[in-house]
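Taking my numbering, the leading residue of the sequence shown gets 38, the next gets one more, and so forth. See below for the structure under consideration.
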Amino acid sequence: MGTPLMWMTLLHLFIGNAVIALLEGLVLAGCFKIRRLTAVGCALLANYSSAWLGVWLFPEHFPGSEDVNITNLQTWLWRGVILAFMLTLVVEAPFFWLGLRKRPRPIRSTVLGTLLVNAITYPMLAYVFWSSSSTSMLTRLEIAAPPTMEAPKDLRLFFLSPEGNQVMQTDLTGANPVAVNALPELPAEFKRHLYAMPTTPRSYNLMLLTGPYREQKEEWQPQLLLADFSSDAGVEYMVAEDLPSPGPFAHRGPAIRMASSAADAEDSYQVGLYPNEGIRKGGARPFRFALEAPFAMWPVRHATQISDDMVIFQLGNDQICLLRPYSRKIALIARGHSPVVAR
Numbered sequence: 038m039g040t041p042l043m044w045m046t047l048l049h050l051f052i053g054n055a056v057i058a059l060l061e062g063l064v065l066a067g068c069f070k071i072r073r074l075t076a077v078g079c080a081l082l083a084n085y086s087s088a089w090l091g092v093w094l095f096p097e098h099f100p101g102s103e104d105v106n107i108t109n110l111q112t113w114l115w116r117g118v119i120l121a122f123m124l125t126l127v128v129e130a131p132f133f134w135l136g137l138r139k140r141p142r143p144i145r146s147t148v149l150g151t152l153l154v155n156a157i158t159y160p161m162l163a164y165v166f167w168s169s170s171s172t173s174m175l176t177r178l179e180i181a182a183p184p185t186m187e188a189p190k191d192l193r194l195f196f197l198s199p200e201g202n203q204v205m206q207t208d209l210t211g212a213n214p215v216a217v218n219a220l221p222e223l224p225a226e227f228k229r230h231l232y233a234m235p236t237t238p239r240s241y242n243l244m245l246l247t248g249p250y251r252e253q254k255e256e257w258q259p260q261l262l263l264a265d266f267s268s269d270a271g272v273e274y275m276v277a278e279d280l281p282s283p284g285p286f287a288h289r290g291p292a293i294r295m296a297s298s299a300a301d302a303e304d305s306y307q308v309g310l311y312p313n314e315g316i317r318k319g320g321a322r323p324f325r326f327a328l329e330a331p332f333a334m335w336p337v338r339h340a341t342q343i344s345d346d347m348v349i350f351q352l353g354n355d356q357i358c359l360l361r362p363y364s365r366k367i368a369l370i371a372r373g374h375s376p377v378v379a380r
């Protein structure tokens, strides 16, 4: 079904640009006394060119955007808005010049016309996209340093490195991560994730699931990485139901619970499919925190509920975060994916 921001992006790319071009063309024609048809045609070319280039360029291909994360996102959003506006002016100016080239001082007219129409439509577009975004994780939470989160010191975090070729281990502050397993390279269409498999009530194995992305769970192969690696670990609900492995999409739905805290915990946290669903809980003390903005459409995955006010999860592609929802704090503790919490 998608999200409001996804639909707004699609509407903007295919239909919204035509509406904006019509408005900009009429403004251009009225202010610079050129034919309306010419002005609207130039505005159509300008808007569709800049919009499609922006979708390709932001955020993956823009310099410095590869290190955007929850700790610097607010700064990057403002920077991204400014950079996108400047890029829009650069890309659209040649198209507006086509319509204004026969006027006296065409370069001056092009600069003024490009600035004028974008000064009118860009704030409108920014407001529409911001209204379609989900930013509660950014606006309602304090970005805290990991040591201030008061996480249990006896818990360990296992996760895959951002490249997926190493199994890492650290504490819940993320300090001094160490590699515990090296993994062979995978074809691009294959994915991996870690999970804990109980063998006895107080013994767990660390498992690795590997398979082709988007294929059925029968195509994914489990592999033992560490035998008896923990006495208490979060177990995915599909494993808890005695299935042989969690399957490729088990990182959604109910959050994993630590066995030691499950009996006393309130209603389970839930992880949604889309970024705007984020992580949430119903019951007596409901909450929902999500992050889906134009430059950061980050779903929540692989959540482990440690207590009623503490959860570890993967945010986006490679951010492992510790959240205290009732304390309104979040911390980035590691870069990687598929976190497993164990004692």
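We put the beta carbon where it would ideally sit given N, CA and C, even for glycine.
- Per the Cβ contact rule, the stretch 210–229 is in contact with the stretch 355–375 (3 or more Cβ pairs under 8 Å).
- In the DSSP assignment, residue 228 forms a beta bridge with 248.
- CA-CA distance, residue 295 to residue 307, rounds to 15 Å.
- Between residue 366 and residue 181, the C-beta spacing is below 7 Å.
- Between residue 83 and residue 132, the gap from beta carbon to beta carbon is short of 7 Å.
- The beta carbon of residue 249 sits closer than 7 Å to those of 226, 227, 256, all from its chain and outside the five residues before and after it, given in chain order.
- If you draw a straight line from the Cα of residue 312 to the Cα of residue 241, it is about 31 Å long.
- DSSP places residue 304 outside both helix and strand once states are collapsed to three, so it counts as coil.
- Take the alpha-carbon of residue 85 and the one of residue 54: they are about 6 Å apart.
- Listed as beta-bridge partners of residue 374 by DSSP are 197.
- A buried status is given to residue 341, since no fewer than 16 other beta-carbon atoms sit within 10 Å of its beta-carbon.
- When the alpha-carbon of residue 41 is set against those of 193, 259, 59, 165, the nearest one is in 165.
- Sorting 212, 220, 192, 190 by C-alpha distance to the C-alpha of residue 202 places 220 at the top.
- The beta carbon of residue 79 is closer than 6 Å to those of 132, 133, 135, 136 in its chain, skipping five residues each way along the sequence.
- Residue 218 sits in a strand when the DSSP states are folded into three classes.
- Looking from the CA of residue 138, the closest CA among 355, 258, 75, 335 belongs to 75.
- Of 363, 333, 362, the smallest CA-CA separation from residue 356 is found for 333.
- With respect to the 7 Å criterion, residue 183 and residue 330 are not classified as neighbours on the basis of their beta carbons.
- Listed in chain order, the non-local C-beta contacts of residue 57 below 6 Å within the same chain comprise 84, 158, local neighbours out to five positions each way being set aside.
- The three-state secondary structure of residue 363, taken from DSSP, is coil.
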